[in-house]
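**Q**
Numbering (my numbering), first residue to last: 314 to 380.
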């Protein structure tokens with residue numbers, strides 16, 4: 314769409330001045346994603362939730378000791 318602001322985007326939608334952009338992923342891009350995907354999934358599904366739980370437990374035990 315022509316422009317950079319939200320108003321420009323809404324105007325372009327109303328006037329049907331938007332067009333599709335981008336491309337289909339290439340084999341090289343898919344191979345790269347296959348290489349980094351499992352590590353990223355492990356981090357987001359295991360490591361980060363574990364850190365959040367640890368932080369919550371630490372806060373709770375610290376607050377309990379202060380009371």
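Glycine residues also receive a C-beta, built at the ideal position from the N, C-alpha and C atoms.
Just to check my reading of the structure: residue 355 and residue 331 have Cβ atoms closer than 8 Å, yes? What is that Cβ distance to the nearest angstrom?
**A** Translated into the one-based positions of the chain shown, residue 355 becomes position 42. Translated into the one-based positions of the chain shown, residue 331 becomes position 18. No, residue 355 and residue 331 are not in contact; Cβ-Cβ is about 38 Å, not under 8 Å.
**Q** Residue 336 by DSSP, collapsed to three states: which one?
**A** Counted from its first residue, the chain shown places residue 336 at position 23. Note: residue 336 maps to coil in three-state DSSP.
**Q** Given a cut-off of 8 Å on the beta-carbon distance, is the pair residue 325 and residue 316 in contact?
**A** As a first step, residue 325 is located in the chain shown; it is residue number 12 there, counting from the start. As a first step, residue 316 is located in the chain shown; it is residue number 3 there, counting from the start. It is a contact, given that the beta carbons lie within the stated cut-off.
**Q** Tell me the start and end of each unbroken beta strand (DSSP E) in the stretch 340-367 that is at least 3 residues and wholly inside, in chain order.
**A** Listed in chain order, nothing qualifies, since the stretch 340-367 has no complete beta strand (DSSP E) run of 3 or more residues.
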